[in-house]
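> One structure, pasted below without further comment.
Protein chains in written order, with the numbering used here: chain A, 1 to 269; chain B, 1001 to 1416.
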C-alpha cells in the first residue's frame, strides 16, 4: 500500500468510531539517536495513529523554543537527513507500523535532492511529507516527486489564510490538511484559541479531506476538545519536552497515553 | 573578467516576475500564516509606487529629514596614492542616522503608516545600522518598534544598541544559534508570525520573501539615481561621465543593488560586489557566498532562494566577518541572478584587507567608514592600480564607522 493510502486508511477507520487521530511529533536525534527511536516506539505503543517524524534543521523559523532547542541539540549530536531516514527504516524493521509523516524545512530536502529525498523516504517507510516553509506555490518540484512514490503531500493552513489560499491548499494536499491553531510558532499554550471552531468551519466549506489541528496542544483535555472539531490532534512541543526530561521515554509514554485517550474520546469523566 | 559581452538581450525591468522570482532565485518560502501578510504588503507597495502623494511625501522626507541627495566626493588623495583610476565616493555615510539603511527604513515605515493600518513594527539588525534606521523612522512617525539583535552583535555594536534605546525602541537579544544576524531574522520572523495582524516586519536588506527584495531595491535605488546624475555633472562634483566600475560591499546586498540598479542598462559600467572574506575562503570563517564553491550553493534561507553557505546536509553554515552587517549566510536573490546573467561580478575582501581600506580612507580622506563599506575600499586598493588614470571608480560608501571604533581598536590597537 502506498504511503498516502496508509494515511487515508487511518482516518477512514477512526471515522467509523468517531475518534480523532492522535498525531504526535518528535525531533529525531533528540535527546540521542537511540532515545529518539525509543520515543517513536513508545508513542506508537501509547496509541499514536500517525507520527510526525521531525528531521532537524538549523533554522526552524516556524518553531518555538522547545523544538528549536531539541533540533539544535540533535544537529550538534550529528543527526543528518540520511540518518533520520535510516531511523525510519530501522523502526519499520522493529515492527513499528504506525504511518510516518516526515516533517522538515525545505533547505535540507533541497540539499538532499527533491526526487532522491522522496524516493529514499518512501523506501524507508515514510508515508507523507510536511514542509512548513514550502507553500503550494513553491512546491512544483517536490510535490510531483512525492506523488510519484506515493507520499502524501500535506500543506498547512492558518487562521490568517484567505478563501483563495484555503482552496489552493485543499487542491494540493493529500492525506490530510494541517491546521495551525493560532497565528504563531509551535509551543504549548494554556488555552485553545477561541477562534478555532470558526476557522475549522471556514476550511470545511472547501474540502472533504480530514483536518488535523496542531500548535499549542499539550494536555489530554485539550486533545479531547480538539477531537470534537477535527479528525486529527497534533502534539509536538509538550512531548519533546517530556523526552528531554529526566524521566525521558517514560514521561513521553505517560503523556502520550493521556493525549491518545483525549483524542480517542476515551478520557475518564 | 570582462563583462562587456553580456546583457544586451536581458530585460532587467522584467524581474522579479509576478511570483517574485529573479530567474531561479527569490520566491516566497514562508509558513502559511505569513502568506496573506506578504500579499497585503505587495498590494500596498504596488499601490504606493504609483501614488503621487505618497511618493512626494517620501521625497520630501528624504530631502528635509535624511539630507538627500547625499554628496559625491572625489577621493583625490586616495586616487593619487593608488596611482590608477580616479575614485569617487557616494556618501551614504552622511545620510541621517549614518548609513544607507534609512532609505529603506523610512520607505517601509511610511508605507506601513499610510497604506497598511498596522501599528507595530519589528526589525532585525546585524551591525545595528538597520536597527538604528528603523528606530529613527519609528520615532519620526510615531510607531511602536522592537528590534531583534544577536547577543554577539550586541556586544560588538554597543553604541548602536544604546542609540536604538535612546530613540525609544526596545532591543531584544537573541541567544539562539550563532547569535548573529541570521538568528535575529529568525526571531523577528517568529514575532511577525505571532503578531502578524498588527505588525509589519521591516526587513532591512534586499532579502527575504517576495516582495521584500524588489521593494527594498526600489527604496535603495535612490542612491544609484542620484549618483547617475551626479557623476555626469561637474557642478555636483562628478567627473562629467559615467564610471567604468561601481564597487559596493554585499551582505544581503541592499546598498549594492541600490547603487547598481540604475546603471544596469549601461553596459560599459562594471558592477562589482564585495563580499566578506573574513579569515579567508580556505579557512572557512567568512561570509563569501559566491567565493566558496564547496559551501556556497543554491539554497533557501529565510524565505528566499539564493546562494547560501551551508553544509552538505542543507544545514546553514556559521559565518564570520569583522563587520556584523556582512556576517550572513545568504545573499539577495537579485544579486545571484545578475551574476548568472553576467551583469555583475563578485569578489571578496578579507578582514585584514578591509582594515587596510579602513585606515586608508581615514588617513587619506578624513572619512571613518563603516567596516562594511571598508570592504569596498579594501578591494579598491587592489583594483584602482590596475586601471588607467583616466578611468573612474564609483564606490558606495554605505555607512560611517563610529559604531565600529571598539572593534577596530581591539583589532589594530588603540595606541596609534
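Glycine included, every Cβ here is placed at the ideal spot set by N, Cα and C.
(1) So, with DSSP's three-state summary, where would you put residue 189 of chain A?
(2) Determine the extent of the beta strand (DSSP E) in which residue 1170 of chain B is found, giving its start and end residues.
(3) Counting Cβ pairs, one atom from each stretch, are 3 or more of them under 8 Å apart for the region 138-157 of chain A and the region 119-127 of chain A?
(4) Could you check the C-alpha separation between residue 59 of chain A and residue 136 of chain A for me, to the nearest Å?
(5) Taking one C-beta from the region 81-99 of chain A and one from the region 28-36 of chain A each time, how about it: are there three or more such pairs within less than 8 Å?
(6) To which residues does DSSP link residue 177 of chain A through a beta bridge?
(7) Tell me the DSSP secondary structure of residue 28 of chain A in three-state form.
(8) Do the region 1333-1352 of chain B and the region 1048-1059 of chain B touch if we need at least three Cβ pairs shorter than 8 Å?
(9) Count the other C-beta atoms from every protein chain shown that fall within 10 angstroms of the C-beta of residue 171 of chain A, then say buried if there are 16 or more, exposed otherwise.
(10) Can you find a C-beta in chain B that's less than 7 Å from the C-beta of residue 162 of chain A?
(11) For residue 165 of chain A, return the contacting residues in chain B, with the cut-off set at a CB-CB distance below 8 Å.
(12) Quick one: which unbroken beta strand (DSSP E) runs of 3-plus residues sit fully inside the region 1302-1327 of chain B? Chain order, please.
(13) Using a Cβ cut-off of 7 Å (strictly closer), state whether residue 152 of chain A contacts chain B.
(14) Taking the beta carbon of residue 208 of chain A as the centre, do at least 16 other beta carbons fall within 10 Å, making it buried, or is it exposed?
(15) So is residue 352 of chain A in contact with chain B if we call contact Cβ pairs under 7 Å?
(16) Is it buried or exposed, residue 1166 of chain B, if we count other Cβ atoms within 10 angstroms and call 16 or more buried?
(17) Please report the straight-line C-alpha distance between residue 93 of chain A and residue 227 of chain A, rounded to a whole angstrom.
(18) By Cβ distance, which residues of its chain are closer than 8 Å to residue 1364 of chain B, with the 5 residues on each side in sequence left out?
(19) For residue 212 of chain A, verify whether its CB is less than 6 Å away from any heavy atom of the ligand NAP.
(20) Apply the 10 Å Cβ neighbour rule to residue 1063 of chain B and answer buried if 16 or more other Cβ atoms are within range, or exposed otherwise.
(21) Can you name, in chain order, every residue of its own chain whose Cβ lies under 6 Å from the Cβ of residue 978 of chain B, other than the five neighbours on each side?
(22) Of the choices B:1373, B:1211, B:1200, B:1380, whose alpha-carbon is the least far from that of residue 1334 of chain B?
(23) Is residue 1412 of chain B buried or exposed, if buried means 16 or more other CB atoms sit within 10 Å of its CB?
(24) Please confirm whether residue 179 of chain A and residue 166 of chain A have their CB atoms less than 7 Å apart.
(25) Measure from the C-beta of residue 1295 of chain B to each C-beta in chain A and report whether the shortest distance is under 7 Å.
(26) So, do the region 1217-1233 of chain B and the region 1175-1183 of chain B have three or more beta carbon pairs nearer to each other than 8 Å?
(27) Can you find a CB in chain A that lies within less than 7 Å of the CB of residue 1315 of chain B?
(28) Closer than 8 Å by beta-carbon distance: list the chain A residues that pair up with residue 1189 of chain B, in chain order.
(29) What is the DSSP secondary structure of residue 1017 of chain B, counted as helix, strand or coil?
(30) Tell me the rounded alpha-carbon separation between residue 1003 of chain B and residue 1247 of chain B.
(31) Under 9 Å between beta-carbons, which chain B residues line up against residue 137 of chain A? List them in chain order, please.
The short version:
(1) The residue labelled residue 189 of chain A in the question sits at position 189 within the first chain. Residue 189 of chain A carries a coil assignment under DSSP once its states are collapsed to helix, strand and coil.
(2) Here residue 1170 of chain B corresponds to residue number 170 of the second chain, with the count starting at 1. Looking at the DSSP string, the run of the beta strand (DSSP E) that includes residue 1170 of chain B is 1170-1174.
(3) yes
(4) As a working mapping, residue 59 of chain A is identified with position 59 in the first chain. As a working mapping, residue 136 of chain A is identified with position 136 in the first chain. Distance between the alpha carbons of residue 59 of chain A and residue 136 of chain A: 21 Å.
(5) yes
(6) Locating residue 177 of chain A in the first chain gives position 177, counting from the first residue. Note: residue 177 of chain A sits in a beta bridge opposite A:211.
(7) The residue labelled residue 28 of chain A in the question sits at position 28 within the first chain. Coil, per DSSP.
(8) no
(9) Residue 171 of chain A sits at position 171 when you count from the first residue of the first chain. With fewer than 16 other Cβ atoms within 10 Å, it is exposed.
(10) Counting from one through the first chain, the residue named residue 162 of chain A turns up at place 162. True, the Cβ-Cβ gap to chain B drops below 7 Å.
(11) As a first step, residue 165 of chain A is located in the first chain; it is residue number 165 there, counting from the start. Simply 1032, 1035, 1036.
(12) 1304-1309
(13) Position 152 of the first chain holds residue 152 of chain A. The beta carbon of residue 152 of chain A sits no closer than 7 Å to any beta carbon of chain B.
(14) Start at 1 with the first residue of the first chain, and residue 208 of chain A comes out as number 208. Label assigned to residue 208 of chain A: exposed.
(15) Residue 352 of chain A falls outside the range modelled here, since chain A spans only 1 to 269, and no answer is possible.
(16) In the second chain, the residue the question calls residue 1166 of chain B occupies position 166. Burial call: exposed.
(17) One-based indexing of the first chain puts residue 93 of chain A at position 93. One-based indexing of the first chain puts residue 227 of chain A at position 227. Looking at the two C-alpha atoms, the distance is approximately 31 Å.
(18) Here residue 1364 of chain B is taken as the residue at index 364 of the second chain, counted from 1. Cβ-Cβ distances below 8 Å link residue 1364 of chain B to 1075, 1077, 1078, 1081 in the same chain, with the five nearest sequence neighbours on each side left out; the list follows chain order.
(19) Ligands displayed in this structure: none; no statement on the ligand NAP is therefore possible.
(20) Within the second chain, numbered from 1, the residue matching residue 1063 of chain B stands at position 63. It is exposed - the Cβ of residue 1063 of chain B has fewer than 16 other Cβ atoms within 10 Å.
(21) Nothing can be reported for residue 978 of chain B, as the shown portion of chain B is limited to 1001 through 1416.
(22) Along the second chain, one-based indexing puts residue 1334 of chain B at 334. Residue B:1211 is the option with its Cα nearest to residue 1334 of chain B.
(23) Here the question's residue 1412 of chain B lines up with position 412 in the second chain. When all chains shown are included, residue 1412 of chain B counts as exposed.
(24) Here residue 179 of chain A refers to the residue found at position 179 of the first chain. Here residue 166 of chain A refers to the residue found at position 166 of the first chain. No.
(25) Taking the second chain and counting its residues from 1, one reaches residue 1295 of chain B at position 295. Taking Cβ atoms only, chain A never reaches closer than 7 Å to residue 1295 of chain B, which makes this a no.
(26) no
(27) Numbered from its first residue, the second chain carries residue 1315 of chain B at position 315. Closer than 7 Å to some Cβ of chain A, the Cβ of residue 1315 of chain B qualifies, so yes.
(28) For this step, residue 1189 of chain B is matched to residue 189 along the second chain. Correct list: 61.
(29) Start at 1 with the first residue of the second chain, and residue 1017 of chain B comes out as number 17. The answer is coil: DSSP assigns residue 1017 of chain B none of H, G, I, E or B.
(30) Walking along the second chain from the start, residue 1003 of chain B turns up at place 3. Walking along the second chain from the start, residue 1247 of chain B turns up at place 247. Confidence at residue 1003 of chain B is low in this model, with a pLDDT of 44, below 50, so the placement of that residue is unreliable and no value is reported for it.
(31) Here residue 137 of chain A is taken as the residue at index 137 of the first chain, counted from 1. Listed along chain B are 1019, 1027, 1028, 1035, each with a C-beta nearer than 9 Å to that of residue 137 of chain A.
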